[in-house]
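To keep things clear, I will list the structure first and then write my remarks on it.
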Ligand SMILES: [Zn+2]
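Numbering (this note's numbering), first residue to last: 2 to 438.
Structure below.
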C-alpha cells in the first residue's frame with residue numbers, strides 16, 4: 002500500500018545535519034518522490050486511493066538504522082552472568098545454556114530482539130547465530146531486512162578434541178533456498194579464527210566464492226585471540242585470514258579492537274567493513290578500537306550492538322552516543338567523530354556493509370523505503386539547534402514513533418503492526434525460566 006508522509010522534516014547527511022521540508026511519496030518498496038508540490042501529492046493520492054497518509058507534525062524523518070552485528074536469539078540471556086571476563090562469560094556461562102535453546106525458542110527470542118530493534122528505529126540488521134531457519138521465519142514475521150548467515154563449517158567434539166567438519170552442501174542449499182538479496186541477504190559465517198581448524202577455513206572461502214557472497218566474522222576482538230593465533234601460527238589473525246583468501250570476498254568484520262598499524266592498512270587495502278560494537282567492548286573490557294584512525298584511512302566503519310547479552314540492549318542511539326564520547330576521549334580531541342558522521346555510520350555505511358551500497362540509508366528518491374519518524378516534542382529534544390547533535394546526544398530510543406521497512410509500515414504511532422509484543426515477552430520469559438537463567 003502506498004504511503005505519503007505530509008510536510009516531512011527530512012534529515013540530510015551533511016556536516017552538522019540538516020532538515021529539509023518536503024512531502025515523501027512511498028510506492029512499492031521505494032521512495033518514489035520527494036516533492037514540495039502539494040498538487041502533485043494530491044493527485045497521487047487521488048490516483049491511489051488506498052494510500053495511507055501520515056502526518057509528520059512534531060516529528061523528523063531519518064533513514065532507519067542498521068545494526069550491523071548482533072546475535073538476535075541472545076535476547077533471552079539479557080542480564081544473565083554479568084560482570085565476568087569474556088571467556089568465562091562465553092564458555093562457562095552462555096555456551097552451556099545456548100545448547101538448550103530449541104528451534105522454537107530461537108524463533109521467539111530472535112523475534113523479541115527484532116521487536117526491540119524496530120522500537121528503537123532499526124530497519125535492518127546483520128545476525129550471526131545457529132537455528133538458521135527459525136531466524137528466517139522470525140524475519141519474515143517481523144518484516145525487518147536482514148543479513149543472516151549460513152554456516153559452511155562446524156565443530157565436532159570427540160573425547161575433548163575438536164574437529165572442524167564441512168557443512169558446505171547444506172550451507173549452499175540453504176543459501177539457494179532463502180537468499181533473495183532484498184529482505185534476506187545471506188553471507189557465510191566464519192565465527193572467528195579460533196573456532197575452527199585453520200585448514201578448513203578454505204572451505205568457507207570456497208562456499209562464499211561459489212555463492213558470490215560475503216563473509217561475516219569476529220575479528221581481533223581481544224588480545225587473547227591475537228596472542229593465541231601468534232603463538233600457534235606465528236601470524237596475527239588478519240594476516241592468516243588474508244593468506245587463506247578470506248578477504249577476496251566482501252567481509253563484515255565485527256570488533257577489530259586489537260589492531261596495529263599494519264592491521265589497519267589491511268582493513269583499508271582489502272576493503273573490509275568494520276563493525277564497531279563499543280558497548281560490548283567496554284562492558285567486556287575487550288578494549289577500545291582505533292575507529293577514528295580507521296575512518297581517516299578510508300575504512301567503511303559501521304555500528305552494531307553485538308548480542309544483547311553483552312550490551313544489554315539493542316539500542317543504536319546508545320551505540321552512536323557512546324562511540325562519539327569514547328573516541329573523543331581516546332584521541333583527546335573533541336573534534337573527532339562529529340555527530341553527523343555517527344549517523345552516517347549507523348545508516349548508509351551500515352547498508353553498504355550488509356550489501357546495499359547506494360540502495361538505502363538516505364531519505365532520497367529511488368532509495369529503498371527504510372525510514373523512521375521520530376518524535377521531537379520531548380523536553381530532551383527542545384530546542385533542537387544542531388539536528389545531528391540532537392539525534393546522537395539527546396534523542397532516546399523511545400522517541401521513535403513510526404518505522405517503515407521496504408515501504409511497509411511495521412510500527413505506527415509506537416504500536417507494532419507485525420508483532421504481538423505481549424506474546425513475544427511472555428514467550429521469552431518462559432524460555433528464560435526453562436533454561437534456569
Ligand atoms: Zn558477536
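Yeah, the Cβ is synthetic: ideal placement off N, Cα and C, and Gly gets one too. Here the structure is a predicted model, which means the values were calculated and not measured.
In the three-state reduction of the DSSP assignment, residue 201 falls in the helix class, which pools H, G and I. Classified as buried, residue 328 has 16 or more neighbouring CB atoms from the shown chains inside 10 Å of its CB. Each residue's CA atom was taken as its position, placing residue 18 and residue 385 some 11 Å apart.
Separation of the CB atoms of residue 361 and residue 408 is rounded to 11 Å, and the pair is thereby denied contact status at 8 Å.
A direct Cα-to-Cα measurement between residue 265 and residue 379 gives close to 41 Å. Segment contact: the segment 108 to 117 against the segment 339 to 357, fewer than three CB-CB distances shorter than 8 Å; contact not assigned. Beta-bridge pairing by DSSP links residue 323 to no other residue. Between residue 250 and residue 206, the C-beta gap is smaller than 9 Å, which places the two residues in contact. According to the DSSP assignment, residue 62 belongs to no alpha helix (DSSP H) but to the beta strand (DSSP E) extending over 60 to 64. In this structure, the alpha-carbon of residue 285 lies about 14 Å from that of residue 221.
Contact annotation: the segment 78 to 95 does not touch the segment 141 to 158, with fewer than three C-beta pairs closer than 8 Å.
Shown in chain order are the residues whose CB sits closer than 6 Å to a heavy atom of ligand 1: 70, 72, 219, 255, 307 and 308. Each residue's CA atom was taken as its position, placing residue 427 and residue 309 some 18 Å apart. Between residue 292 and residue 340, the C-beta spacing is not below 9 Å.
The beta carbon of residue 350 lies closer than 7 Å to those of 301, 302 and 303 in the same chain, with the five residues before and after it left out.
Judged by beta-carbon spacing, residue 127 lies within the 9 Å limit of residue 355, meaning their Cβ atoms are closer than that value. Judged by beta-carbon spacing, residue 73 lies beyond the 9 Å limit of residue 100, meaning their Cβ atoms are not closer than that value. Between residue 372 and residue 65, the CB-CB gap stays under 9 Å. Here residue 131 carries a coil assignment [DSSP, helix/strand/coil]. Annotation: residue 367 to residue 6 spans about 16 Å, alpha carbon to alpha carbon. Segment contact: the segment 251 to 259 against the segment 311 to 322, fewer than three CB-CB distances shorter than 8 Å; contact not assigned. Per the Cβ contact rule, the segment 398 to 417 is not in contact with the segment 34 to 52 (fewer than 3 Cβ pairs under 8 Å).
Taking a contact as a CB-CB distance under 8 Å, the pair residue 240 and residue 280 does not count as one, their CB atoms being some 28 Å apart.
From the listed residues 121, 176, 54 and 229, the smallest Cα separation to residue 195 is found for 229. Annotation note: the segment 180 to 242 contains the following uninterrupted alpha helix (DSSP H) runs of length 4 or greater, listed N- to C-terminal: 202 to 211 and 224 to 234. Per DSSP, residue 109 is one residue of the alpha helix (DSSP H) stretching across 104 to 120.
Within a 10 Å sphere around the beta-carbon of residue 157 sit fewer than 16 other beta-carbons, which makes this residue exposed. CA-to-CA, the gap between residue 165 and residue 56 works out to about 55 Å.
In the DSSP assignment, residue 402 falls within the unbroken beta strand (DSSP E) covering 401 to 406.
At a Cβ-Cβ threshold of 9 Å, residue 3 and residue 41 do not count as neighbours.
With a cutoff of 9 Å on beta-carbon distance, residue 259 and residue 306 are scored as not near each other. Rounded to the nearest whole angstrom, the C-alpha separation of residue 130 and residue 26 is 36 Å. In this structure, the straight-line span from the alpha carbon of residue 12 to that of residue 190 is close to 34 Å. Here residue 262 is exposed. Its C-beta has fewer than 16 other C-beta atoms within 10 Å. By the 16-neighbour rule on beta-carbons within 10 angstroms, residue 163 is exposed.
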